[in-house]
Amino acid sequence: MDSNVRYRVNNLLYAAGEELLHTIRVDLELNDAVDPEVLTRAVNLAALRFPYYAVRLVREGEEYFMVPNPEPIAVLPEGSRIVLGDEGTGHHLFAFTYSGNKVSMHSSHFITDGNGLFPFLKTILYLYLKEIHPDESFGGSFALPGDEISPGESCDYPYPEHEMEEDPLVAAVRPDKVYKLSDQPAGYGNKDEWSAFFLSVRQDTLMKYVSGVDGSPASFIASLIFMAISDLDEGGDLPIVCGMQHQFRKALKRPVSHLCHVNIVPMVYPASVRGGSIERLNTISRGILILRGSDENDIMTINRHIRNEHMIRGMTLEEKHSYMLGEMLEGIGNNTFGVSYTGRVPWDGIDRYIKSVRPYFDMALSGGISAEIFSVGEYFDINIMQRSPTDRYVRRMTDHLDDLNIPYEYGGKEHFELCGFKLPS
Numbered sequence: 150m151d152s153n154v155r156y157r158v159n160n161l162l163y164a165a166g167e168e169l170l171h172t173i174r175v176d177l178e179l180n181d182a183v184d185p186e187v188l189t190r191a192v193n194l195a196a197l198r199f200p201y202y203a204v205r206l207v208r209e210g211e212e213y214f215m216v217p218n219p220e221p222i223a224v225l226p227e228g229s230r231i232v233l234g235d236e237g238t239g240h241h242l243f244a245f246t247y248s249g250n251k252v253s254m255h256s257s258h259f260i261t262d263g264n265g266l267f268p269f270l271k272t273i274l275y276l277y278l279k280e281i282h283p284d285e286s287f288g289g290s291f292a293l294p295g296d297e298i299s300p301g302e303s304c305d306y307p308y309p310e311h312e313m314e315e316d317p318l319v320a321a322v323r324p325d326k327v328y329k330l331s332d333q334p335a336g337y338g339n340k341d342e343w344s345a346f347f348l349s350v351r352q353d354t355l356m357k358y359v360s361g362v363d364g365s366p367a368s369f370i371a372s373l374i375f376m377a378i379s380d381l382d383e384g385g386d387l388p389i390v391c392g393m394q395h396q397f398r399k400a401l402k403r404p405v406s407h408l409c410h411v412n413i414v415p416m417v418y419p420a421s422v423r424g425g426s427i428e429r430l431n432t433i434s435r436g437i438l439i440l441r442g443s444d445e446n447d448i449m450t451i452n453r454h455i456r457n458e459h460m461i462r463g464m465t466l467e468e469k470h471s472y473m474l475g476e477m478l479e480g481i482g483n484n485t486f487g488v489s490y491t492g493r494v495p496w497d498g499i500d501r502y503i504k505s506v507r508p509y510f511d512m513a514l515s516g517g518i519s520a521e522i523f524s525v526g527e528y529f530d531i532n533i534m535q536r537s538p539t540d541r542y543v544r545r546m547t548d549h550l551d552d553l554n555i556p557y558e559y560g561g562k563e564h565f566e567l568c569g570f571k572l573p574s
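Note that the numbering used here has the sequence shown beginning at 150, numbered continuously upward.
This is the structure we're talking about:
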């Protein structure tokens with residue numbers, strides 16, 4: 150690895166600070182107990198194939214860069230203090246913990262998103278399982294050490310220098326005032342009460358239903374949360390807004406870019422649609438997602454990134470932080486709730502050894518409720534996160550699932566915490 154290599158950072162990273170850590174954790178429950186020595190080897194062997202993730206942040210004047218990090222990526226027992234970027238994690242922006250049959254991957258959302266994260270995680274699991282089960286045959290495609298890394302995958306700045314021509318189908322505009330949940334305190338002030346609720350639904354059952362009502366897993370879960378909020382939160386004419394996560398790699402023409410390319414599509418539900426049927430809500434949600442998640446609308450997000458890149462040039466670090474934090478609060482934080490669906494991920498057989506997948510992320514920018522949908526085996530794993538321990542929303546969602554005769558497993562409530570994130574001085 151060339152120690153002189155410098156990777157440019159995504160300008161969103163300048164928003165990082167005590168009020169915004171933007172970290173992610175992915176918990177994987179395996180069939181068998183974790184072997185920490187094999188896991189450590191698999192993690193650091195996989196890092197050879199993904200050198201742009203084996204980095205540390207450095208500060209040069211008023212700018213941050215990433216440079217190769219020869220230190221091993223930390224693999225520690227669960228309960229260890231994890232702060233990405235500090236000495237305890239070898240200054241890496243990834244770390245792993247284990248307990249029993251659970252593996253947790255900790256990472257920075259400023260560095261990558263779910264679509265960038267998955268190939269790295271998939272390679273780690275493949276290398277781990279091949280050592281644990283040497284006679285097992287996995288028929289699929291895995292990125293392995295020694296494979297060629299395409300420029301499109303590793304490019305640290307995949308954006309054009311100048312803005313692209315815009316021709317949006319429907320302007321992705323959020324209302325100035327959005328309905329806010331009174332029982333979901335803002336920011337980090339109550340992070341000791343952050344709670345997650347786990348639902349598991351068979352893929353074939355859910356897909357059969359949603360395809361019959363012109364929906365998708367993402368639009369269906371968005372409709373369920375909207376219905377729960379509408380049922381339980383009386384009064385007010387403000388629109389309920391779902392911030393639907395959607396990647397814009399296709400519009401950028403960088404399908405395998407490893408960076409964070411998340412567009413938050415605002416799905417606006419006016420007060421007039423409260424009390425509507427699930428069929429109507431699915432049609433509305435699906436239609437909004439098709440229109441506002443189109444390549445034409447994604448170009449608006451790409452251009453915003455380019456404008457921000459030009460805007461912060463020459464600013465002090467403090468000025469960059471203030472400006473980019475405002476951009477993230479405006480572009481991501483102004484929602485009632487959020488939904489993220491990575492899509493049906495290509496596990497290529499390794500999910501035979503995985504019982505469940507639960508992604509968690511920083512709730513500071515959330516309106517108070519966020520749902521992550523992940524596919525594993527024959528199931529959709531749905532993790533619903535909140536900034537309060539009340540189960541009234543998830544219970545109302547399951548009431549609607551019962552009414553629709555959609556079977557599910559409810560895993561109950563758990564308190565969750567995320568790792569820290571330290572910027573270089």
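All C-beta atoms in this analysis are idealised placements derived from N, C-alpha and C, irrespective of residue type, glycine included.
- Between S360 and the set G569, N431, D305, G228, the nearest pair of CA atoms involves N431.
- Assigned with DSSP and collapsed to three states, T547 falls in helix.
- The beta carbons of I413 and G498 sit no closer together than 8 Å.
- Proximity to F510 across A292, R536, K504 peaks at R536, based on C-alpha coordinates.
- Non-local beta-carbon contacts of P419 in its own chain, meaning distances under 7 Å to residues more than five positions away in sequence, involve P388 in chain order.
- Around Y308, the same chain offers L401, I451, H454, I455, E458 as residues with beta carbons nearer than 8 Å, after the five sequence neighbours per side are excluded.
- Distance check between G288 and each of D500, V411, R198, S299 places D500 closest, using alpha-carbon atoms only.
- For F529, the enclosing beta strand (DSSP E) starts and ends at 528-535.
- Per DSSP, reduced to three states, the secondary structure at T172 is strand.
- The beta carbons of T172 and L233 sit about 7 Å from each other, so the pair counts as a contact at 8 Å.
- Distance from the CA atom of L274 to the CA atom of L161, rounded to whole angstroms, is 29 Å.
- Three or more Cβ pairs closer than 8 Å define a contact, and the region 521-538 meets that threshold against the region 360-370.
- Straight-line spacing of the CA atoms in M477 and M512 works out to 13 Å.
- Exclusion of the five residues before and after R230 leaves G237 as the residues of its chain whose Cβ lies within less than 7 Å of its Cβ.
- In this structure, the straight-line span from the alpha carbon of R544 to that of S349 is close to 14 Å.
- In terms of Cβ geometry, E563 and S253 do not form a close pair [threshold 8 Å].
- The alpha-carbon separation between R462 and R403 amounts to approximately 24 Å.
- Separation of P508 and I531 (C-alpha to C-alpha, rounded to the nearest whole angstrom) is 9 Å.
- A direct Cα-Cα distance of roughly 17 Å separates K251 from T272.
- In the DSSP assignment, N457 falls within the unbroken alpha helix (DSSP H) covering 444-461.
- Annotated as proximal: V175 and V506, with beta-carbon spacing under 8 Å.
- In the three-state reduction of the DSSP assignment, Q352 falls in the helix class, which pools H, G and I.
- The alpha-carbon separation between F291 and P268 amounts to approximately 8 Å.
- For the pair R157 and F214, the CB atoms are nearer than the 8 Å cut-off.
- For T246, the enclosing beta strand (DSSP E) begins and ends at 243-248.
- Under the three-state reduction of DSSP, H395 is assigned to strand.
- C-alpha of V327 to C-alpha of A335: approximately 14 Å in a straight line.
- Within the DSSP secondary-structure output, F347 pairs in a beta bridge with N532.
- Between V405 and G492 a beta carbon distance of about 15 Å is seen, past the 8 Å cut, so the two are scored as non-contacting.
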